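Numbering (full-length UniProt numbering), first residue to last: 1 to 72.
I have placed the structure first, in the form of structure tokens, so that the comments after it can refer back to it.
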Amino acid sequence: MTIEEVNKLEEFFANAEKQATPIYLNQATVINNYEHFLESHFTPLKMDPASRVNQPLIWRLKALKLIVEANA
């Protein structure tokens with residue numbers, strides 16, 4: 001993922017309506033604090049967006065984006 005893609009994804013969440021919690025991304029991933037989730041995922045992505053270690057962060061953010069879009 002490029003920094004431009006990270007910025008675009010971050011902009012989406014900045015403009016999207018805040019979601020009620022808990023949010024279930026899957027059976028193993030529950031978001032209890034929406035703002036903390038976004039901050040904890042975007043901070044490492046901004047430092048090194050191309051790192052393979054960050055791939056799970058990207059997957060979770062994209063899954064959350066699908067949920068937000070479905071609830072819009």
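Think of the CB as a built atom: it goes at the ideal place given N, C-alpha and C, for glycine as much as any other residue.
None of the values given here were measured: they were computed from a predicted structure.
In this model, GLU17 and ILE58 are separated by some 20 Å (Cα to Cα). Under the DSSP assignment, LEU38 falls in the alpha helix (DSSP H) whose first and last residues are 34 to 47. A straight-line Cα-Cα distance of about 15 Å links ASP48 and GLU10. For LEU25, no alpha helix (DSSP H) run applies, since DSSP gives it neither H nor E.
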